[in-house]
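Asker: Would you mind keeping the following structure in view while I ask a few things?
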Amino acid sequence: MASNSSSRRILGPFNRVEGDLEVNIEVDQQKITQAWVNAPLFRGYEQILHGKDPRDSLIYTPRICGICSISQSVAAAQAIASAQGLKPAQNGQLATNLILAAENMADHLTHFYLFFMPDFARDCYKDKTWFNDIAFRFKAQTGSSARDVLPARAAFLHLTGILAGKWPHSLALQPGGTTRPVESQERIRLLSTITAFRHFLQDVLFGAELEQVAALSSEEDLLQFVDQHNQYDFARFISIAQDLNLNHQGKASDNFMSYGAYPEDEHFLFNAGTWQQHLQTFNPEDIREDISHSWVNSKATAKHPFQGSTIPDSDETSGYSWCKAPRLNQQVMEVGAISRQVISGHPLIRDLVSKTGANVQNRVISRLLELALVVPAMENWVKQIQPGQSFCHESIIPQEAQGAGLVEAARGSLGHWLRVKNGRILNYQIIAPTTWNFSPRDSSEQPGALELALQGTEMDDDKTSAAMIQHIIRSFDPCMVCTVH
Amino acid sequence: MKPFNILWIQSGGCGGCSISVLNAELPDFYSSLKQSNIDLLWHPSFSETCGEDFLALLEKIENGQIQLDAFCLEGSVMMGPQGSGRFHLLSGTRRPMFEIIKSLAEKARHTLAIGSCAAFGGITMSGPNPGEATGLQFEGEIAGGLLDSSWLSNGQLPVINIAGCPVHPNWVIETLTQLALGEINPSQLDSFNRPRSYTKHLVHHGCPRNEYYEFKASAKRPTDLGCMMENRGCLGTQARADCNIRLWNGEGSCLRGGFTCINCTAPEFEEPGHCFTETPKIAGIPIGLPTDMPKAWFVALASLAKAATPKRLKVNSESDHIRISPGMHEEEET
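Listed in order, the protein sequences are those of chains S and P.
Each residue of the first sequence is one higher than the one before, counting from 348 in this note's numbering.
Each residue of the second sequence is one higher than the one before, counting from 1297 in this note's numbering.
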């Protein structure tokens, strides 16, 4: 319980978090002792989908979120394919990987340059030696980096114009592949588009070949690299991280989960698994959604999403968020780039996490590292496309079936669970990445990942501690419109 | 010259219109605003200000200390549950967003709905409309949403509905720039108060599948090259937008991406009453005919066109790549 000296405060609204977020904190002796995270917007996608033709989920679900739109499409398509027992055409799988990677990489870039870094250009840091340089480069809307990043990002997203018609909200992603066949000369255009983006990353973000960044294998390696490339944006961030000790801020449960990202033949580019001190296999049957602290109507205990429901009830007195609390074997999992890289065994991330766990610094490094890992993979996928071969297989949807679609969005693990009866959607449940990371407490009063990450953070009246809370929150790259849908 | 200032708020939507606007090119979104002397006072994804500093800004606008030129709403207005607005309270306050939206619309010189959710309720209104979502000045096709049908802004315009799911970046940038220049009058808006600049076209205009359409050479499967109107639910011949004249993400559009137009700039597109990707028919004839086309003429022409379909179009329309080149040359690539 709170001691007499403690006080409670409501923080919000937060911006640059894709949607709405409110955080309640309890402060005692200038430290956050407890935090409660609230997702304040409810729309009701699960109810909207009930009774619809399963194929229509491909129109509705991408519109859950404008920044994770493709990820939602891929999960919906996979859920249907799994209900059909359909395996996508190989070209279609390659095109799906490319479209999804285009979204994920654009999101990592947008997060770093537009959502995360502008907080270091706040006036509260004006006495820092790095302030003038950072403010010039990253000040929200006016910083010089936007003029480099926005055109590079938009040009890179031409990939979606070619392969998916447009972004966001495409209908190109189908259970059996994609709707847009690629001809042989078009592969050259796809490759040129990716190469232009590679050059942007090499010339502006890293100051080095992507392969050199991907090969960093330890913290020592990283610091040496940063010394040699200190005029570039990646190194700029690492210097700030060291100065502000961002590797000691925002640690959560250090339990990681990944559904596996980018299927390649029988494997993933980044493996599926969980990490709780060591690597374990991931079993989707172990997922439960707890609703004890949500404004959701049900007397029942935590359920697997195939059996779950999402009926809002704002009078649920024990609730403090529209968000449910997903758990894996009753454990709080953190999802996102850092989880993928710990689980797939990238040596740099394993080394950093073994030293200081998941924190503000390591989450951001993981995201930027993925740019260096995935863009070269995209070049390979384009080369593997076989023009003239099928891009999409077809199959009917059984009158009664169920299927799950599990994908890795930029922000982490996204799952759709579909049950079909009499050819219509009987139940559709969605657990988004930020549902995991920003969940409320569960029935055993375990706080969610962000709630844990905020505990222990210094909180005096200084503006820099208010800024630190923002760094911690944004280090997860939250997507609140996905969280509660 | 004093910049034209904008406040941009999101409510019951997906944020996709903001993300789409960020796809603007030549120049990029920030440069476009600068070039048009537009000052984005606050935007949920792009601004530094948050928390109490944002609430202070809001107060200054609401009490008239800051004169707002344009208020942009993205996302539906959330009225539920039971009209309480609790489905969306502004973080850090207990205020329902719909109250804030109404108050800002009253203060601003112009109010814009960015995307079909803000304009008409949109996708958030689908199914049983669990959130009790509505649009700013329309609820679906019916005039009158959060604001009355007769409501006019201080600038003497109704809510300008830049509808689309999402919007094309240039629809937004050009409309805002024209507003800043004082160039928009009611005659430039269509019957749903959408800028005619982009709704005076049909999505069909510029569709690369037009030749297939002319000969009713139709696609059956998802990757077929033929016209998608007859079987795959495409509404491009009825949907009002310039999607195939002014392309998306460099060179895309829904139809170029191989999938059907779902008429996302129209109110109630979210509930077509049938599967989106299947054309409803009576006696083999699609129910929805191309806009302005007399039915008897369409039926007669379609049967004539079908009888006259060249082999090239027939074969290619049911293939995922061009098998026969113009001039009826069978040129199979190996």
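Idealized CB from N, CA, C, for every residue including glycine.
Using a Cβ-Cβ cut-off of less than 7 Å, list which residues of the stretch 431 to 445 of chain S approach chain P; keep chain order.
Answerer: Taking 7 Å as the Cβ-Cβ cut-off against chain P, none of the residues of the stretch 431 to 445 of chain S qualify.
Asker: Cα separation between residue 374 (chain S) and residue 356 (chain S)?
Answerer: The straight-line gap from Cα to Cα measures roughly 8 Å.
Asker: Of the choices S:757, S:642, S:731, S:622, whose alpha-carbon is the least far from that of residue 700 (chain S)?
Answerer: For the residues S:757, S:642, S:731, S:622, the minimum Cα distance to residue 700 (chain S) belongs to S:622.
Asker: 7 Å is my cut-off, CB to CB: does residue 784 (chain S) come that close to chain P?
Answerer: Not closer than 7 Å to any Cβ of chain P, the Cβ of residue 784 (chain S) fails to qualify, so no.
Asker: Could you pull out every residue in the same chain whose Cβ sits closer than 6 Å to the Cβ of residue 1500 (chain P), ignoring the five residues on either side in sequence?
Answerer: If we look at residue 1500 (chain P) and ignore the five residues flanking it on each side, its Cβ neighbours are 1532, 1533.
Asker: So, is residue 537 (chain S) buried or exposed, given that buried needs 16 or more other C-beta atoms within 10 angstroms?
Answerer: By the neighbour-count rule (16 or more Cβ atoms within 10 Å), residue 537 (chain S) is buried.
Asker: Determine, for residue 504 (chain S), whether the minimum Cβ-Cβ distance to residues of chain P falls below 7 Å.
Answerer: Answer yes: the Cβ-Cβ gap between residue 504 (chain S) and chain P drops below 7 Å somewhere.
Asker: Measuring only the C-alpha atoms, how far is residue 1623 (chain P) from residue 1607 (chain P)?
Answerer: Whole-angstrom Cα-Cα distance: 11 Å.
Asker: Have a look at residue 681 (chain S) and residue 626 (chain S) and give me their C-alpha separation to the nearest angstrom.
Answerer: Each residue's alpha carbon lies about 14 Å from the other.
Asker: Mind checking who residue 739 (chain S) pairs with in its DSSP beta bridge?
Answerer: In DSSP, residue 739 (chain S) forms a bridge with S:524.
Asker: Can you confirm whether residue 1422 (chain P), when its beta carbon is compared against all beta carbons of chain S, has any partner nearer than 7 Å?
Answerer: Closer than 7 Å: yes.
Asker: Once the 5 residues before and after residue 726 (chain S) are set aside, which same chain residues still bring their CB inside 6 Å of it?
Answerer: Closer than 6 Å at Cβ, skipping near neighbours: 541.
Asker: In its own chain, which residues sit with a C-beta less than 7 Å from the C-beta of residue 359 (chain S), not counting the 5 before and 5 after it?
Answerer: Excluding residues within five positions, the ones whose Cβ falls inside 7 Å are 368, 369, 370.
Asker: Let me know if residue 1483 (chain P) comes out buried or exposed under the rule of 16 or more other beta-carbons within 10 Å of its beta-carbon.
Answerer: Counting Cβ neighbours within 10 Å, residue 1483 (chain P) comes out exposed, since fewer than 16 surround it.
Asker: Skipping 5 residues on each side, what residues in its chain have a beta carbon closer than 8 Å to that of residue 1620 (chain P)?
Answerer: Cβ within range, chain order: 1607, 1608, 1611, 1612, 1626, 1627.
Asker: Work out the CA separation of residue 454 (chain S) and residue 759 (chain S) for me, nearest whole Å.
Answerer: Distance between the alpha carbons of residue 759 (chain S) and residue 454 (chain S) is about 12 Å.
Asker: May I ask which residues mark the beginning and end of the alpha helix (DSSP H) holding residue 1634 (chain P)?
Answerer: Here chain P has residues from 1297 to 1630 only, and residue 1634 (chain P) is not among them.
Asker: Relative to the C-alpha of residue 812 (chain S), which residue among S:353, S:379, S:352 is closest?
Answerer: With distances taken between Cα atoms, residue 812 (chain S) lies closest to S:379.
Asker: Judging by CA-CA distance, which residue of S:399, S:816, S:605 is the nearest neighbour of residue 691 (chain S)?
Answerer: Minimum Cα distance to residue 691 (chain S) is reached at S:605.
Asker: Give the interface partners of residue 1466 (chain P) over in chain S, defined as CB-CB distance under 7 Å, in chain order.
Answerer: Here the premise fails: no neighbours, minimum Cβ distance about 12 Å.
Asker: Please report how far the alpha carbon of residue 434 (chain S) lies from the alpha carbon of residue 401 (chain S), in whole angstroms.
Answerer: Their Cα atoms are separated by approximately 17 Å.
Asker: Would a check of beta-carbon distances place residue 464 (chain S) closer than 7 Å to chain P?
Answerer: So, not an interface residue.
Asker: Is it the case that the stretch 464 to 472 of chain S contacts the stretch 552 to 568 of chain S, given that we only count it when at least three CB pairs across the two stretches are under 8 Å?
Answerer: Counting Cβ pairs under 8 Å, fewer than three are found: no touch.
Asker: Residue 1343 (chain P): buried (16+ other C-beta within 10 angstroms of its C-beta) or exposed?
Answerer: The residue is buried, with at least 16 neighbouring Cβ atoms inside 10 Å.
Asker: Should the stretch 1361 to 1378 of chain P be regarded as contacting the stretch 1390 to 1408 of chain P, the criterion being three or more beta carbon pairs within less than 8 Å?
Answerer: They touch, by the three-pair rule.
Asker: Name, going along the chain, the residues of the stretch 360 to 378 of chain S whose beta-carbon falls closer than 8 Å to a beta-carbon of chain P.
Answerer: Result list: 360, 361, 362, 363, 365, 366, 367, 368, 369.
Asker: Per DSSP, which residues does residue 1544 (chain P) bridge with? Please list them.
Answerer: Residue 1544 (chain P) is bridged to P:1548.
Asker: Does any CB atom of chain S fall closer than 7 Å to the CB of residue 1540 (chain P)?
Answerer: With 7 Å as the cut-off, residue 1540 (chain P) does not count as an interface residue toward chain S.
Asker: I'd like to know if residue 1545 (chain P) contacts chain S, where contact means its C-beta is closer than 7 Å to some C-beta of that chain.
Answerer: Chain S contact via Cβ: present.
Asker: In or out: residue 1414 (chain P) buried (at least 16 other Cβ within 10 Å) or exposed?
Answerer: It is buried - the Cβ of residue 1414 (chain P) has at least 16 other Cβ atoms within 10 Å.
Asker: Are the C-beta atoms of residue 776 (chain S) and some chain P residue less than 7 Å apart?
Answerer: No, because no Cβ of chain P sits closer than 7 Å to the Cβ of residue 776 (chain S).
Asker: Closer than 8 Å is the cut-off here; do at least three beta carbon pairs connect the stretch 744 to 761 of chain S with the stretch 413 to 428 of chain S?
Answerer: The stretch 744 to 761 of chain S vs the stretch 413 to 428 of chain S: in contact.
Asker: In its own chain, which residues sit with a C-beta less than 7 Å from the C-beta of residue 628 (chain S), not counting the 5 before and 5 after it?
Answerer: Cβ within range, chain order: 620.
Asker: Residues bridged to residue 604 (chain S) by DSSP?
Answerer: S:621.
Asker: Taking Cβ positions only, does residue 739 (chain S) come closer than 7 Å to chain P?
Answerer: So, interface residue.
Asker: Under 8 Å between beta-carbons, which chain S residues line up against residue 1377 (chain P)? List them in chain order, please.
Answerer: Those within 8 Å of residue 1377 (chain P) in chain S are 659, 661.
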